[in-house]
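Peer 1: Before we start, here is the structure in question, set down as structure tokens.
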Amino acid sequence: MTTGQPGNARPTPTDDTPSRPAPTRAGDPPAPPAPAAASTSADTTVTASSSADATVDTGADSPSRAAGTPAASTETPTATNGRPKLDVTKDDIATAGDTKSATKGDGTKAGDTKNATKAGDAKANDAKNATKAGGAKDGDTKDGTKASGAKVAAKDAAQGGAVKDADEAKGTKADDADGDTKPVEADRWEAFASAPEPRPSRLGRAARAVGRLLVHEWTLATLGALALAVLMTWPTLRYPRYTLPQDHWDPSLQAWQMAWSGHILLADPARLWQSNTFFPELWSFAFSDTLLGYAPAGMLGSGPEDAVLRYNIMFVLAHALATLGAYALARQLGAGRIGAAVAGVGYTYAPWLLAQAGHLHVLSNGGIPLALAMLARGHGWSLRHGYRPERRHDAWVYAGWLVAAWQISLGFGIGLPFAYFLAGGVLVVAVLFGVRRLRSGRALPFGRRLLVADLVGGVFFAGVGLLMALPYFQVTELHPYAERTIRDISIFSPPASGFVTAPAESRIWGGLHEGARAALPWHPEMTLLPGFVLYALAIGGLFFSVWRLRHRLLLLVGVLVTMAFAMGTRFFDGTFTYVPLFEHAPGWNALRTPGRLMLWTTLLLALLAAGAITALTDRVRELAAQRIPSWPGPWLRMATLLPLLLVTLEGLNATPHPVVPAQPAAMRSAEGPLLVLPSDQSTDQHVMLWSTSGFPDVVNGGSGFTPRQLDDVRRVSQSFPDQTSVDYLRTLGVRTVVLLRGQVPGTPWEITINAPVESLGITRQDVGDAVVYRL
């Protein structure tokens, strides 16, 4: 309240908080007559409450300012000294004090507030304050304002509250001067808000899901592995129906194996191991590694050309799977993306594997690292982070054992060491868990579901291995001479120099190492260079890595031990390494090439390299983030790709791709059982491929060993056609003999091919470039 004297313009508050009404600006219209002051005071009371919609909170201690509200246009008398006269009543000050409490909700806020209350409570308080103002006595006013004016103010406040309620329900507020409406302040800010995202259609959601899938790490890794496999094995897919990588002998045999398994599983699964070759031998499909895991691919297509196409496709896919498997293992163990890529490329395209281009069962090793990655993921274990029980998942365990079983179905040449590694790994883990329990008094969390998954998966893996091994046991009983001896192992055991010698198929090192290869007794199985770049990265990984020191030392020990085993009898005569396994480990005596254990050396070297590259990339990322400006960052990050590029370049191949001999026209219509002459290891592998047209029974066959009966057939048939050979072949059940004219020069058949046969009781017919004899 004011004193009414001209020199004192500061109001004396009746509330506990000082408040200054908004003064009239210079240039405002002249004040109306004095009797309107009481009404104006009441209007100001209502405005102080309603002005909350148009004010911004500037602090608890700031005076209340109703900017742009009717209070700014309140009629104010002018003092005698020319300054505006403040006509403020106790009701005005009380009402202004009440505006210190802010009303929230329903889109209404009060400026310069100390306490927040709901909108309904604020309205009730406004009406209550107005009522109290109406009950004020005449003595409370210093400028002659009467109590009736306060009552009118209370009535107006109540009416203003009702109007305000109606306006708030419509999303607006009432203007006290002329009743016009304007938008609530919140609507002005909503104009700056982003528009709500429309709900995508079902097709849109599907497109987004596909997009997320395409940019996922594992999608990109898979596509990258496939693209790299096509490039690194080129020109395998240039003429995929007519050429084979490296040579056309062992690849022809393996192309037949895939075709036979797919064909017979659809036609007569019970005859799987009784193949159409080596007639009339039993269990002939077990005379070598079978690639049985590729049988689904063998169900597609028929004939030699489709068999060659199938082989080339699987040849490329085997490289892609090996890259992806090693990448997955390195990532699961804790390596970064670039480090894992180095591990995948180094494992798959190591120079020594170029010499194995004709052995698909050796190149088909991607299931080994992939199964290990899945098993580690399912058990929540990582080389970098250790055992994390919260990351256990039994589905990954089942998948890991399933992939392991598929890997062993491709052959025991690679699968048998893998089986022993898994058995040893299970034993070591069980011992470590037991030791941990004894030392700490409590067992590590494992879980019943995980235990069941391991038991079921392990039994399934062992069952597949046993079913695969039974036919080989039968072959060993029927052909005891098929077993390997220590002398056989010595022939294929590489010296230490083989670890730094590249095969001729290496585009980078092949020509440079020609002299070193000449000093090796059997260089196709003794050139075991995993790559000089991989060696360097692995050595660096011993000193600078994300792996712990003990893990690096364990990987180093693994590298040295596998190298010693890969040397066979060349490492102290194998007395402490290969020979004990050969003599006591079941099935180990069937492995004649110790050098293929270099696969495990390469995998361990790749993991050491992955640790080093991951540490490098992490450090580069830190340096790039600290630089100001950050422009050198991309160059530093690109530098981390240099090891990957070098490893890739070292794996470039110069593998020949010879054209496969065409199938003779006589083979398409000849009735079995039949014999194709001349017969030897190399020619018989072509005959096996040609027999994929209908799969007639053929005496011919090529494998890791030669049955004695086939030796007898080759010896007796040297004089064909004569009575002795005809009678012998009839005894075996042979009905047709096909003599290939193109291969008889320099053989005994060069003279007898045109001899008359009427006296032998057989017929002779020329079919294309062959002579067909029907017995």
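Every number in our numbering is 324 more than the matching position in the sequence shown, counting from 1. Every residue gets a Cβ at the ideal spot worked out from N, C-alpha and C, and that includes glycine. It should be emphasised that the depicted structure is a prediction, and the values quoted were computed from it without experimental measurement.
#1: Whose C-alpha, out of V721, G1028, G835, is nearest the C-alpha of A777?
#2: For the beta strand (DSSP E) containing Y1097, name the first residue and the last one.
#3: For the beta strand (DSSP E) containing D1090, name the first residue and the last one.
#4: Consult DSSP for E1082 and reduce its assignment to one of helix, strand or coil.
#5: Taking the beta carbon of D574 as the centre, do at least 16 other beta carbons fall within 10 Å, making it buried, or is it exposed?
#6: Alpha carbon to alpha carbon, what distance is there between V971 and L734?
#7: Quick check: the Cα distance between R760 and F770, rounded to an integer number of angstroms?
#8: Going by alpha carbons, who is nearest to G302 out of E1074, R1065, A553, Y566?
#9: Mind checking I1075: buried by the 16 CB within 10 Å criterion, or exposed?
#10: To the nearest angstrom, how far is the alpha carbon of T557 from that of F867?
#11: Go ahead and label N689 buried or exposed: buried means 16 or more other beta carbons lie within 10 angstroms of its beta carbon, across all protein chains shown.
#12: Just tell me which of A747, S821, H703 has its CA closest to the CA of F785.
#13: Identify the residues that DSSP records as bridge partners of G1025: which are they?
#14: Which of the three DSSP states is assigned to V1058 in this structure?
#15: Using a threshold of 7 Å, is the CB atom of D1021 nearer than that to any non-hydrogen atom of the ligand GTP?
#16: Could you check where the beta strand (DSSP E) with L756 kicks off and where it finishes?
#17: Along the chain, where does the beta strand (DSSP E) containing L928 start, and where does it finish?
#18: Whole angstroms are fine: how far does the CA of G704 sit from the CA of T379?
#19: Pick from A840, S821, P819, A820: whose alpha carbon is nearest that of A828?
#20: Any idea if L836 is buried or exposed, counting beta-carbon neighbours within 10 angstroms, 16 or more meaning buried?
#21: Quick one: Cα of W676 to Cα of A862, how far?
#22: Beta carbon of R1065, beta carbon of L1099: below 8 Å?
#23: Hey, is the region 605-623 in contact with the region 709-727, meaning 3+ C-beta pairs nearer than 8 Å?
#24: Between A664, P958, Y635, which has its C-alpha nearest H685's C-alpha?
#25: Within the chosen definition, does the region 798-806 reach the region 1026-1046 through at least 3 CB pairs nearer than 8 Å?
#26: How should K433 be labelled, buried or exposed, when 16 other C-beta atoms within 10 angstroms of its C-beta is the threshold for buried?
#27: For T567, which residues does DSSP report across the bridge?
#28: Tell me, which residues are paired with G710 by DSSP?
#29: Do P848 and A679 have their beta-carbon atoms positioned less than 8 Å apart in this structure?
#30: Is the region 912-919 in contact with the region 878-886, if contact means three or more CB pairs nearer than 8 Å?
#31: Any contact between the region 638-656 and the region 942-952? By contact I mean 3 or more CB pairs, one from each, below 8 Å.
#32: Which two residues bound the contiguous beta strand (DSSP E) that contains L998?
#33: First and last residue of the alpha helix (DSSP H) that includes R1038?
#34: Among the residues of its own chain, which have a CB less than 6 Å from the CB of P819, if the five just before and after it don't count?
#35: Can you list the beta strand (DSSP E) stretches of 3 or more residues lying completely in the region 625-675, in chain order?
#36: Determine which residues share a DSSP beta bridge with N977 and list them.
Peer 2: Inspection of the coordinates gives the following:
#1: V721
#2: 1094-1098
#3: 1087-1091
#4: helix
#5: buried
#6: 28 Å
#7: 13 Å
#8: No answer is possible for residue 302: it lies beyond the span of the chain, which begins at 325 and ends at 1099.
#9: exposed
#10: 34 Å
#11: buried
#12: A747
#13: Answer by DSSP bridge pairing: none, since G1025 is not bridged.
#14: coil
#15: Ligands in the displayed structure: none, and consequently the ligand GTP is not present.
#16: It is not in any beta strand (DSSP E) - L756 instead sits in the alpha helix (DSSP H) that spans 736-764.
#17: It is not in any beta strand (DSSP E) - L928 instead sits in the alpha helix (DSSP H) that spans 922-950.
#18: Per-residue confidence for T379 stands at a pLDDT of 37, beneath the threshold of 50, marking its modelled position as unreliable; no derived number is given.
#19: A840
#20: exposed
#21: 17 Å
#22: no
#23: no
#24: Y635
#25: yes
#26: The predicted position of K433 is uncertain, since its pLDDT is 37 and thus under 50; no value can be drawn from it.
#27: V983
#28: S706
#29: yes
#30: no
#31: no
#32: 998-1001
#33: 1032-1040
#34: R894
#35: none
#36: S830
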